[in-house]
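Residue numbers (my numbering), protein chains in the order written: chain Z, 49 to 327; chain W, 5 to 322.
To start, the structure itself, in structure tokens.
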């Protein structure tokens with residue numbers, strides 16, 4: 049379509065503004081992570097006078113960052129994998145069967161997404177503590193507790209999106225597999241799962257990101273042994289000073305896995321996210 | 005009763021009356037429920053049971069003294085609700101204050117997110133050099149772990165060492181006092197507008213190109229095409245997008261918590277921060293639960309009304 053003359057100018061102006069708005073904090077993060085402590089404690093300098101990679105070594109000493117990193121990896125990784133597996137089963141049921149209570153299940157699962165996290169936090173905290181007191185299964189303060197919590201956060205979206213994906217796989221494929229002698233379950237594993245792989249990967253990334261970035265539950269449900277990055281990063285601030293260069297270096301390090309994963313797989317994730325949102 | 009949607013031919017033949025057929029049928033009836041079982045159990049444990057528990061808790065006096073054995077907590081009846089809804093007393097006043105702050109925060113943040121997201125998506129419909137790169141850049145704030153992004157902003161907002169004061173040539177506090185509210189809005193817009201951009205972009209991809217071609221043949225101007233094609237085609241997407249953004253922003257806890265630490269300034273004390281403080285800082289879980297239930301009621305009413313209104317408009321248009 050032919051544009052009026054103001055449109056290209058509006059494009060340059062608006063996109064330029066948004067690019068700057070997006071870039072400035074990213075630049076602040078990267079450039080400050082390369083400054084010595086003295087420089088981040090003085091007035092802000094746009095061009096660093098001294099460049100050093102020392103903060104990237106110091107971050108592991110100042111706080112037990114490696115330990116938090118492992119906690120976050122184990123918790124987010126397990127939550128993502130479990131969420132994907134559980135969602136595949138549920139989505140297959142929703143996509144391939146007609147059964148009583150199907151719509152009720154769909155609506156309930158979706159509506160849980162609407163509720164404020166703070167609403168679950170207090171009772172879940174008490175339920176976890178009480179399960180621990182009565183059965184000895186330690187959920188409060190353990191990795192397991194957070195894994196279970198996080199996997200349910202991404203589960204509704206995962207089920208929703210995978211059901212849409214599986215809907216688009218022709219039923220004839222499952223049927224052909226069953227004619228060839230595998231059961232319904234075999235058809236799911238051998239035919240549907242491979243065909244839905246892009247959706248499964250996208251859901252996995254989404255679940256991982258959700259868990260990796262969560263702050264509220266992590267700050268209440270962890271103790272010193274299970275602390276995640278989301279909580280641990282605040283320890284660079286002491287009473288005396290804040291190691292801003294190290295905070296920025298650590299922020300950069302914890303961002304790399306998710307940003308890289310996101311950018312590599314953004315095509316799948318974006319397609320999946322929007323399929324869910326647009327439908 | 006549950007039935008398989010499509011019986012494969014082989015199964016259909018075997019499904020003739022007979023003991024084996026009956027057994028197979030029963031197994032097929034149970035299968036969807038078995039497949040859903042893990043999801044149901046976990047949703048029950050983490051979402052539904054806690055929600056009911058929260059509702060029950062709001063009718064008890066749950067403080068640090070009764071929390072250990074919460075079956076022995078004294079009943080409060082409606083006292084918790086009366087207490088937090090008494091807007092003449094301090095507790096009610098501060099709850100009402102938080103509520104208005106949350107409303108203003110939500111309106112501003114959602115408004116700017118939508119505006120930025122839509123402008124960028126519409127202006128990037130046409131291909132130009134560097135479009136792919138710009139698109140990737142715009143998605144980075146969304147991919148970044150939320151706390152890493154917000155910590156960076158809190159560094160930028162520092163009074164003496166931050167780049168915000170340097171950029172604006174000011175010498176202000178940004179993380180306490182009146183400014184703290186605006187800092188919160190800026191950070192939230194920075195983080196969430198890419199999501200709006202993403203969704204609107206996807207919505208635009210679903211607009212058939214022939215519509216524009218036909219309009220161009222008819223001599224419709226750029227602005228007319230935007231008004232008559234782009235905007236109406238985006239309406240269903242916008243309706244979902246605005247609701248999702250509203251719920252996220254109104255419930256936002258993470259942004260103020262990371263930006264200000266556990267004690268947000270009162271100018272930026274969103275409702276979830278307020279509930280968190282009265283529950284986990286002053287250890288009054290009964291009050292916290294009562295406020296959570298009120299918050300949930302409010303969100304339910306708003307969402308229901310919104311969905312009702314948009315559905316009616318949809319029906320009227322179609």
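Ideal Cβ placement from N, Cα and C applies to all residues, glycine included.
query, result
"Under 7 Å by beta carbon: chain W residues contacting residue 55 of chain Z", "226"
"Beta-carbon proximity list for residue 13 of chain W, same chain, < 7 Å, skipping 5 on both sides", "Interpretation of residue 13 of chain W is limited by its pLDDT of 43, a score under 50 that renders its predicted location unreliable; the figure taken from the coordinates is listed afterwards. Cβ neighbours of residue 13 of chain W beyond the five flanking positions: none."
"Short CB-CB distance (under 8 Å) between residue 86 of chain Z and chain W", "no"
"Residues of its chain near residue 288 of chain W, where Cβ-Cβ distance is below 6 Å and the 5 sequence neighbours each way are ignored", "67 and 282"
"Start-end ranges of the alpha helix (DSSP H) lying completely within the stretch 233-277 of chain W, minimum 4 residues", "235-254 and 258-264"
"Residue of W/203, W/120 and W/132 minimising C-alpha distance to residue 65 of chain Z", "W/120"
"Three or more C-beta pairs below 8 Å linking the stretch 245-264 of chain Z and the stretch 67-76 of chain Z", "no"
"Secondary structure of residue 146 of chain Z, DSSP reduced to three states", "strand"
"Selection from Z/217, Z/106, Z/250 and Z/265 that minimises the alpha carbon distance to residue 291 of chain Z", "Z/106"
"Chain Z within 8 Å of residue 57 of chain W, Cβ atoms only", "yes"
"Residue interval of the alpha helix (DSSP H) (run including residue 29 of chain Z)", "Residue 29 of chain Z lies beyond the stretch modelled for chain Z, which goes from 49 to 327, so this question has no answer here."
"Run of the alpha helix (DSSP H) containing residue 70 of chain Z, from where it starts to where it stops", "54-80"
"Limits of the alpha helix (DSSP H) - the one that residue 169 of chain W falls within", "167-172"
"Supposed contact pair residue 132 of chain Z and residue 248 of chain Z - C-beta distance, whole angstroms, cut 8 Å", "6 Å"
"Counted within 10 angstroms of its Cβ, other Cβ atoms place residue 282 of chain Z as buried (16 or more) or exposed", "buried"
"Per-residue DSSP class, three states only, for residue 176 of chain Z", "helix"
"C-beta neighbour in chain W for residue 103 of chain Z, strict 8 Å", "no"
"Every unbroken alpha helix (DSSP H) within the stretch 218-256 of chain Z, with a cutoff of 4 residues, ordered by chain", "219-227 and 232-235"
"Cβ neighbour criterion (16 or more within 10 Å) applied to residue 126 of chain W", "buried"
"Among W/34, W/168 and W/303, nearest to residue 160 of chain Z - alpha-carbon criterion", "W/303"
"Residue 180 of chain W beta carbon less than 8 Å from that of residue 262 of chain W", "no"
"Proximity test, Cβ basis, 8 Å: residue 140 of chain Z and chain W", "yes"
"Supposed close pair residue 62 of chain Z, residue 147 of chain W - CB separation, criterion 8 Å", "Actually they are not in contact, since the Cβ atoms of residue 62 of chain Z and residue 147 of chain W sit about 22 Å apart, beyond 8 Å."
"For residue 206 of chain W: DSSP bridge partner residues", "Residue 206 of chain W pairs with nothing; no bridge assigned."
"Residue 153 of chain W in three-state terms, based on DSSP", "helix"
"First through last residue of the alpha helix (DSSP H) which encompasses residue 140 of chain W", "135-147"
"Nearest-angstrom Cβ-Cβ length linking residue 149 of chain W and residue 302 of chain Z, presumed shorter than 8 Å", "6 Å"
"Distance, residue 305 of chain Z Cα to residue 299 of chain Z Cα", "11 Å"
"Span of the alpha helix (DSSP H) around residue 103 of chain Z", "102-110"
"CB contact below 8 Å: residue 53 of chain W versus chain Z", "yes"
"Min CB distance residue 20 of chain W to chain Z below 8 Å", "For residue 20 of chain W, the predicted structure reports a pLDDT of 45, less than 50, and the residue's modelled location is therefore unreliable. The matter cannot be settled from this model."
"Neighbourhood of residue 2 of chain W by C-beta distance below 7 Å, restricted to the same chain and skipping five residues each side", "Past the edges of chain W, shown from 5 to 322, lies residue 2 of chain W, and the structure says nothing about it."
"Beta-carbon proximity check, residue 406 of chain W vs residue 138 of chain Z, cutoff 8 Å", "The question about residue 406 of chain W has no answer here: the residues shown for chain W are numbered 5 through 322."
"Length of the line joining the Cα atoms of residue 220 of chain Z and residue 195 of chain Z", "37 Å"
"C-beta contact flag for residue 199 of chain Z and residue 130 of chain Z at 8 Å", "yes"
"Inter-residue Cα distance where the pair is residue 64 of chain W and residue 94 of chain Z", "55 Å"
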